[in-house]
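Q: Here it is, the structure in full.
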Amino acid sequence: MSARLGSIGALLVAIGIVAYVIGWDALLWIPRAVMDSLVWLPNALADAFHSAPWAFGIIAVGVVLMLVSRMMERRGK
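Each residue of the sequence shown is one higher than the one before, starting from 22 at the first, in this note's numbering.
See the structure below:
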């Protein structure tokens, strides 16, 4: 338990030093960029579905068939 507290303390000191050197705005830009990139994929999928639903459906069926094929191969071994 004390080792864990020491690690957390060291992490907080490191974060404080980095925040002092580069500023909180720059430090908090990293999580914002990560969250934006995580939100990008679902938005891109939704746009793809709305622009060409038939193509998206064919791709989805193909992925499902590949997964079923893989599951059947593993079950057979």
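Glycine included, C-beta positions come from ideal geometry on N, C-alpha and C.
(1) Can you give me the Cβ contacts of L86 inside the same chain, cut-off strictly under 8 Å, excluding the 5 residues immediately before and after it?
(2) Which value, in whole angstroms, describes the spacing of the CA atoms of L49 and I29?
(3) Could you give the first and the last residue of the continuous alpha helix (DSSP H) run that contains G78?
(4) Would you give the residue range spanned by the alpha helix (DSSP H) that G27 belongs to?
A: So, from the listed chains and residues:
(1) Correct list: empty, nothing qualifies.
(2) 19 Å
(3) 74-97
(4) For G27, the enclosing alpha helix (DSSP H) has its first and last residue at 23-43.
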